[in-house]
Amino acid sequence: MLRWSDCIAVVTGASSGMGTAIVKDLLKANMKVVGLARRKERMDELHSQLPVDQKDLFYSVKCDVTSLESVTEAFDWIVKNLGGVDVLINNAGIFNVGEACTMDPLEIEKVMQTNVMGVVYCTQRAFKSMKERNKDGHIVIINSVLGHYVPNSEPTTAPKWNLYPSSKYALTALTETYRQEFRGLDTRVKITSVSPGLTDTDMVAARSRGGKKPILQPEDISSCVLFTLSTPPHMQVHEITVKPLMGD
Numbered sequence: 268m269l270r271w272s273d274c275i276a277v278v279t280g281a282s283s284g285m286g287t288a289i290v291k292d293l294l295k296a297n298m299k300v301v302g303l304a305r306r307k308e309r310m311d312e313l314h315s316q317l318p319v320d321q322k323d324l325f326y327s328v329k330c331d332v333t334s335l336e337s338v339t340e341a342f343d344w345i346v347k348n349l350g351g352v353d354v355l356i357n358n359a360g361i362f363n364v365g366e367a368c369t370m371d372p373l374e375i376e377k378v379m380q381t382n383v384m385g386v387v388y389c390t391q392r393a394f395k396s397m398k399e400r401n402k403d404g405h406i407v408i409i410n411s412v413l414g415h416y417v418p419n420s421e422p423t424t425a426p427k428w429n430l431y432p433s434s435k436y437a438l439t440a441l442t443e444t445y446r447q448e449f450r451g452l453d454t455r456v457k458i459t460s461v462s463p464g465l466t467d468t469d470m471v472a473a474r475s476r477g478g479k480k481p482i483l484q485p486e487d488i489s490s491c492v493l494f495t496l497s498t499p500p501h502m503q504v505h506e507i508t509v510k511p512l513m514g515d
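Okay, so the sequence shown: first residue is 268 according to this note's numbering, each after it adds one.
Structure (structure tokens):
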């Protein structure tokens with residue numbers, strides 16, 4: 268991680284869960300970190316709790332990744348005030364409970380707009396900054412094990428996943444697309460997908476996890492992000508899949 272010291276990292280969905288854990292670990296690695304989220308007050312609260320030597324390294328910027336205008340404003344601020352982006356962690360994501368064949372199409376659209384287009388909007392701006400400055404940047408996409416398979420529900424039970432697995436499958440394909448694009452455009456920008464299993468976050472709590480299933484912690488996912496960032500420039504980790512030891 269030494270080569271990233273004093274570099275600029277952007278973390279979307281930084282106001283809770285995995286986003287907050289990633290912010291904390293990047294700050295410990297002496298990176299300047301910009302947190303993007305709709306709930307700026309949560310990020311400001313995080314800032315107040317940081318050690319004194321890390322407070323000046325963290326910047327909170329209100330941003331809705333579903334809005335191209337909001338993303339543009341946020342990245343314009345980053346470029347103007349900090350010079351550019353070296354690392355992007357695409358962490359923002361949502362899960363809306365319901366069946367794809369019955370739920371409000373607008374709720375389904377929010378899933379795709381956040382989980383897929385939010386990644387596209389932010390990655391375009393981060394990549395532009397990296398390429399223009401000829402930087403060996405790194406972009407990480409927080410995916411899901413559901414981006415690689417759809418669990419088979421009981422025959423008498425309608426699953427409530429709707430487009431969540433579809434949005435994550437899109438990220439799996441998008442990761443490979445970016446890898447080929449970054450190579451074809453003559454850059455040394457890396458791309459990595461991190462696919463967690465069940466993780467203890469606000470999103471999981473909101474859909475009533477229940478029971479005592481094995482579960483990962485946000486810090487576990489952050490450790491995967493730091494691992495891939497710590498690899499040497501010639502090495503690219505394409506996919507990390509992480510599951511609880513005793514989980515499915």
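Beta carbons: idealized from backbone N, C-alpha and C, even for Gly.
Here the structure is a predicted model, which means the values were calculated and not measured.
Classify residue i as buried or exposed, calling it buried when 16 or more other Cβ atoms lie within 10 Å of its own Cβ.
i       : result
Leu-438 : buried
Ser-475 : Confidence in Ser-475 is poor, its pLDDT being 48 and thus under 50, which makes the residue's placement unreliable; the coordinate value appears in the next sentence. By the 10 Å Cβ count, Ser-475 comes out exposed.
Val-278 : buried
Thr-498 : exposed
Val-492 : buried
Pro-318 : exposed
Leu-303 : buried
Thr-495 : buried
Met-310 : buried
Cys-368 : exposed
Gly-280 : buried
Arg-392 : buried
Val-378 : buried
Leu-355 : buried
Asp-451 : Sequence inspection shows Gly at residue 451; the Asp mentioned does not correspond to that position. Looking at its Cβ environment, which holds fewer than 16 other Cβ atoms inside 10 Å, Gly-451 is exposed.
Asn-348 : exposed
Leu-413 : buried
Thr-424 : exposed
Tyr-416 : exposed
How is the beta strand (DSSP E) around residue i delimited, first residue to last?
i       : result
Tyr-326 : 325 to 329
Near residue i, which residues of its chain fall below 7 Å by C-beta distance, leaving aside the five closest residues on each side in sequence?
i       : result
Ile-482 : Leu-465, Thr-466, Asp-467 and Pro-511
Asn-410 : Lys-435, Leu-438, Thr-439, Ser-460, Val-461 and Ser-462
Ser-489 : Met-285, Ala-288, Ile-289 and Asp-292
Trp-344 : Val-328
Arg-306 : Ser-282
Met-268 : Ala-296, Leu-493, Leu-496 and Ser-497
Pro-426 : Ser-420
Does chain D have any CB closer than 8 Å to the CB of residue i?
i       : result
Ile-409 : Judged by its chain identifiers, the structure shown contains no chain D, having just a single protein chain.
If I measure Cβ to Cβ from residue i and keep anything under 8 Å in the same chain, skipping five residues before and after, which residues do I get?
i       : result
Asp-469 : Ser-283 and Gly-284
Leu-441 : Val-383, Val-386, Val-387 and Ile-408
Asp-273 : Asn-297, Met-298 and Lys-299
Lys-322 : His-314
Give me whichever residues DSSP pairs with residue i in a beta bridge.
i       : result
Val-301 : Val-277 and Tyr-326
His-405 : Val-354 and Lys-457
Thr-466 : Leu-483
For residue i, which residues from the same chain have a beta carbon less than 6 Å from its beta carbon, with the 5 sequence-adjacent residues on both sides left out?
i       : result
Gly-404 : Asp-353, Met-397 and Val-456
Gln-484 : Asp-467
Lys-299 : Ile-275 and Leu-324
Gly-526 : Look at the range of the chain in this structure, 268 to 515, and you will see that residue 526 is not part of it.
Asn-363 : Glu-374 and Val-378
Leu-335 : Tyr-388
The alpha helix (DSSP H) that contains residue i, what's its start and end?
i       : result
Val-332 : From DSSP, Val-332 is part of no alpha helix (DSSP H); its letter is neither H nor E.
Ser-396 : 385 to 399
Val-290 : 284 to 295
Leu-313 : 307 to 316
Could you tell me whether any non-hydrogen atom of the ligand GTP is closer than 7 Å to the CB of residue i?
i       : result
Asp-467 : Looking at this structure, you won't find the ligand GTP or any other ligand, since it has none at all.
Exercise. Residue ranges of each beta strand (DSSP E) run of no fewer than 3 residues wholly in the region 334 to 374, ordered along the chain?
Worked result: Every beta strand (DSSP E) of 3 residues or more that sits fully in the region 334 to 374 is shown, in chain order, as 354 to 357.
Problem set entry | Every unbroken alpha helix (DSSP H) within the region 416 to 464, with a cutoff of 4 residues, ordered by chain | Fully contained in the region 416 to 464 are the following alpha helix (DSSP H) runs of length 4 or more, in chain order: 431 to 451.
Exercise. What are the complete beta strand (DSSP E) segments, minimum 3 residues, inside the region 474 to 514?
Worked result: Counting whole runs of 3 or more residues, the region 474 to 514 contains the beta strand (DSSP E) stretches 506 to 509.
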